[in-house]
């Protein structure tokens with residue numbers, strides 16, 4: 001019995017030594033000597049059939065969120081951001097299952113967002129979404145809060161022009177991907193409204209919001225959600241310690257306001 | 001010669017070393033399987049969505065978010081950038097790198113155990129091949145036989161090679177068999193990308209090509225086998241040099257763990273790349289991870305390990321044939 005076991009193990013060992021040696025040889029052949037030109041990965045065909053299957057059921061509400069740190073939730077200790085609270089609010093009112101994809105990137109400007117929505121996966125998410133949430137522009141305007149001193153009107157007008165033209169393309173791009181989904185563009189607030197120069201900064205943010213809302217109105221089903229008023233009084237109670245991003249309470253305010261705009265048909269209500 | 005090797009294997013077999021190692025692997029694999037299973041479950045719950053594309057996209061976005069943070073070390077940033085490029089490549093080409101299945105688990109398992117776990121197990125076998133005979137005194141009985149000393153040592157070394165092969169096979173079979181209960185046994189044919197190489201911060205993809213997962217796994221196990229052999233050879237050398245098995249184990253253990261620690265901190269100490277323990281993660285070259293030190297490549301690491309192993313062998317045979325045994 002013992003003897004048999006040993007010779008079995010020996011045979012197995014010899015066999016496996018040969019197999020692994022072959023594996024090693026294959027590594028060398030594959031990594032160093034093979035002519036890989038002929039078998040490029042490009043030949044792969046994406047399985048489009050599988051990609052199409054989404055969004056077919058009416059039982060789910062698909063939300064695609066894109067944009068900057070506000071959508072990401074920077075400043076919220078729970079990391080939910082306004083999207084998280086919005087989802088919680090919606091869950092109270094609907095029977096539908098909510099599927100949320102958050103593709104926002106901290107510090108993203110309108111130029112970067114424009115690039116991001118060219119990616120096929122992001123496009124797929126937008127295409128499948130019933131609701132599209134968007135925040136953008138804060139980084140164009142404030143550049144992370146460092147550019148306060150440079151709030152000269154000439155520079156600001158220039159940045160705003162660039163931003164607006166980007167925004168229009170973004171809207172158009174989203175609309176061409178998704179004809180029916182409703183876009184909620186969450187507007188800007190003024191994080192500096194309790195500081196000196198608050199008159200100047202507030203008027204800049206107001207103008208910025210006004211122009212963005214105009215751009216939104218040019219396309220169907222784009223709702224520009226104001227947040228300026230939410231933060232106007234007691235701004236410090238709603239801001240995170242960086243004095244720029246909202247804190248939990250701030251995000252809750254935005255989330256509740258946006259959620260209140262999303263209605264469901266009778267049968268989907270709770 | 002055959003008889004000598006057989007004799008050595010018999011000793012190993014009687015000591016139940018291989019048996020213990022199989023038990024260790026069999027105990028650990030369910031642990032990892034459960035961990036992996038939990039991970040899959042939580043990501044699914046978090047996203048509320050089972051589509052892997054969404055998940056991968058989410059990972060990409062998370063990585064981008066981390067990259068935008070200003071407090072980050074340069075080499076970590078580099079690593080993330082490479083990872084990002086790779087994930088994007090998988091996404092653009094519609095390849096799911098984490099498709100569930102026992103073969104995928106095997107792959108993840110072997111990639112994570114190549115630099116520490118499996119070398120440690122090999123060390124357990126190799127550490128007392130010679131030193132136990134020296135400390136137990138049986139070496140005298142062995143050497144009084146009319147067989148040349150180098151033949152005795154060679155038979156021990158061959159027995160070591162066979163047991164290393166056996167350990168690698170056992171870990172392959174066990175990880176496949178056990179994880180398959182949870183993940184299912186399919187997925188051998190899934191295409192995977194290999195051939196990534198890094199130069200500086202860029203991910204070079206012009207040599208990237210697809211291979212089926214079974215070939216990928218075979219290649220990775222070939223590398224694991226090679227690494228285990230090298231570690232085994234070095235342990236074997238120490239076993240010849242030292243009488244105490246505990247000392248052999250201690251030194252090897254320290255070296256292996258030092259390697260794991262060093263890989264995370266040597267990025268600016270360039271000559272550290274000639275140490276064998278920094279070069280153990282060979283599978284990272286196949287999967288396209290960032291190297292701990294710039295300028296390392298698969299060929300480089302293979303040669304470094306080979307040189308160390310040959311050095312170890314030369315020292316072992318030179319010492320063993322010359323030394324006084326008392």
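Protein chains in written order, with our numbering: chain D, 1 to 270; chain P, 1 to 326. Positions of the beta carbon are idealized from the N, C-alpha and C atoms, including for glycine. Here the structure is a predicted model, which means the values were calculated and not measured.
Within a Cβ cutoff of 8 Å, which residues of the same chain sit near residue i, ignoring the five residues on either side of it in sequence?
{"i": "residue 172 of chain D", "result": "219"}
{"i": "residue 271 of chain D", "result": "Coverage of chain D is limited to positions 1 through 270, which leaves residue 271 of chain D absent and any answer about it impossible."}
{"i": "residue 209 of chain P", "result": "193, 194 and 195"}
{"i": "residue 39 of chain P", "result": "none"}
{"i": "residue 159 of chain D", "result": "140 and 141"}
Is the beta carbon of residue i sitting closer than 8 Å to the one on residue j?
{"i": "residue 104 of chain D", "j": "residue 63 of chain D", "result": "no"}
{"i": "residue 75 of chain D", "j": "residue 242 of chain D", "result": "yes"}
{"i": "residue 236 of chain D", "j": "residue 194 of chain D", "result": "yes"}
{"i": "residue 274 of chain P", "j": "residue 193 of chain P", "result": "no"}
{"i": "residue 182 of chain D", "j": "residue 134 of chain D", "result": "no"}
{"i": "residue 289 of chain P", "j": "residue 217 of chain P", "result": "no"}
{"i": "residue 44 of chain P", "j": "residue 121 of chain D", "result": "no"}
{"i": "residue 132 of chain D", "j": "residue 174 of chain D", "result": "yes"}
{"i": "residue 165 of chain P", "j": "residue 8 of chain P", "result": "no"}
{"i": "residue 131 of chain P", "j": "residue 282 of chain P", "result": "no"}
{"i": "residue 29 of chain P", "j": "residue 179 of chain P", "result": "yes"}
8 Å is my cut-off, CB to CB: does residue i come that close to chain D?
{"i": "residue 92 of chain P", "result": "yes"}
{"i": "residue 161 of chain P", "result": "yes"}
{"i": "residue 43 of chain P", "result": "no"}
{"i": "residue 222 of chain P", "result": "yes"}
{"i": "residue 219 of chain P", "result": "yes"}
{"i": "residue 169 of chain P", "result": "yes"}
{"i": "residue 110 of chain P", "result": "no"}
{"i": "residue 4 of chain P", "result": "no"}
Just verifying my parser: in three-state terms, what is the DSSP assignment at residue i?
{"i": "residue 232 of chain D", "result": "coil"}
{"i": "residue 209 of chain P", "result": "strand"}
{"i": "residue 133 of chain D", "result": "strand"}
{"i": "residue 170 of chain D", "result": "helix"}
{"i": "residue 60 of chain D", "result": "strand"}
{"i": "residue 21 of chain P", "result": "helix"}
{"i": "residue 290 of chain P", "result": "coil"}
{"i": "residue 262 of chain D", "result": "coil"}
{"i": "residue 201 of chain D", "result": "helix"}
{"i": "residue 47 of chain D", "result": "Reliability of the predicted coordinates at residue 47 of chain D is poor, the pLDDT of 41 falling under 50, and no value is obtained from them."}
{"i": "residue 15 of chain D", "result": "helix"}
{"i": "residue 182 of chain P", "result": "helix"}
{"i": "residue 67 of chain D", "result": "strand"}
{"i": "residue 189 of chain D", "result": "coil"}
{"i": "residue 98 of chain D", "result": "strand"}
{"i": "residue 34 of chain P", "result": "helix"}
{"i": "residue 52 of chain D", "result": "With a pLDDT of 39 at residue 52 of chain D, under the threshold of 50, the predicted position of this residue should be treated as unreliable, though the coordinate-derived value follows. Reduced to three states, the DSSP call for residue 52 of chain D is helix."}
{"i": "residue 252 of chain D", "result": "helix"}
{"i": "residue 269 of chain D", "result": "strand"}
{"i": "residue 194 of chain P", "result": "strand"}
{"i": "residue 51 of chain P", "result": "coil"}
Keeping to the same chain, check which residues put their C-beta closer than 7 Å to that of residue i; ignore five residues upstream and five downstream.
{"i": "residue 224 of chain D", "result": "185, 187, 212, 213 and 216"}
{"i": "residue 89 of chain D", "result": "255, 256 and 259"}
{"i": "residue 123 of chain D", "result": "117 and 177"}
{"i": "residue 56 of chain P", "result": "87, 90 and 91"}
{"i": "residue 93 of chain D", "result": "264, 269 and 270"}
{"i": "residue 328 of chain P", "result": "Any answer about residue 328 of chain P is impossible in this case: the structure gives chain P only from 1 up to 326."}
{"i": "residue 126 of chain P", "result": "160, 232, 235, 236 and 239"}
{"i": "residue 138 of chain D", "result": "68, 70 and 188"}
Starting from the C-beta of residue i, find all residues in its chain whose C-beta is less than 6 Å away, skip the five residues before and the five after it, and write them out in chain order.
{"i": "residue 225 of chain P", "result": "168"}
{"i": "residue 80 of chain D", "result": "73"}
{"i": "residue 229 of chain D", "result": "none"}
{"i": "residue 79 of chain P", "result": "290"}
{"i": "residue 82 of chain D", "result": "251, 254 and 255"}
{"i": "residue 96 of chain P", "result": "52"}
Of all Cβ atoms in chain P, is any one closer than 8 Å to the Cβ of residue i?
{"i": "residue 164 of chain D", "result": "no"}
{"i": "residue 127 of chain D", "result": "no"}
{"i": "residue 65 of chain D", "result": "no"}
{"i": "residue 228 of chain D", "result": "no"}
{"i": "residue 10 of chain D", "result": "yes"}
{"i": "residue 105 of chain D", "result": "yes"}
{"i": "residue 27 of chain D", "result": "yes"}
{"i": "residue 177 of chain D", "result": "no"}
Give the interface partners of residue i over in chain A, defined as CB-CB distance under 7 Å, in chain order.
{"i": "residue 165 of chain P", "result": "Of the protein chains in the structure, D and P, none is chain A."}
Does any heavy atom of the ligand GTP sit closer than 7 Å to the C-beta of residue i?
{"i": "residue 123 of chain P", "result": "Because no ligand of any kind appears in the structure shown, any question about the ligand GTP cannot be addressed here."}
For the region 63-74 of chain P, list every residue whose C-beta sits within 7 Å of some C-beta in chain D, in sequence order. 64, 65 and 68
Using a Cβ-Cβ cut-off of less than 7 Å, list which residues of the region 222-252 of chain D approach chain P; keep chain order. none
Between the region 69-84 of chain D and chain P, which residues of the former have CB atoms less than 7 Å from a CB of the latter, in chain order? 72
Which residues, in chain order, does the region 8-24 of chain P contribute to contact with chain D at a C-beta distance below 8 Å? 9, 10, 13 and 18
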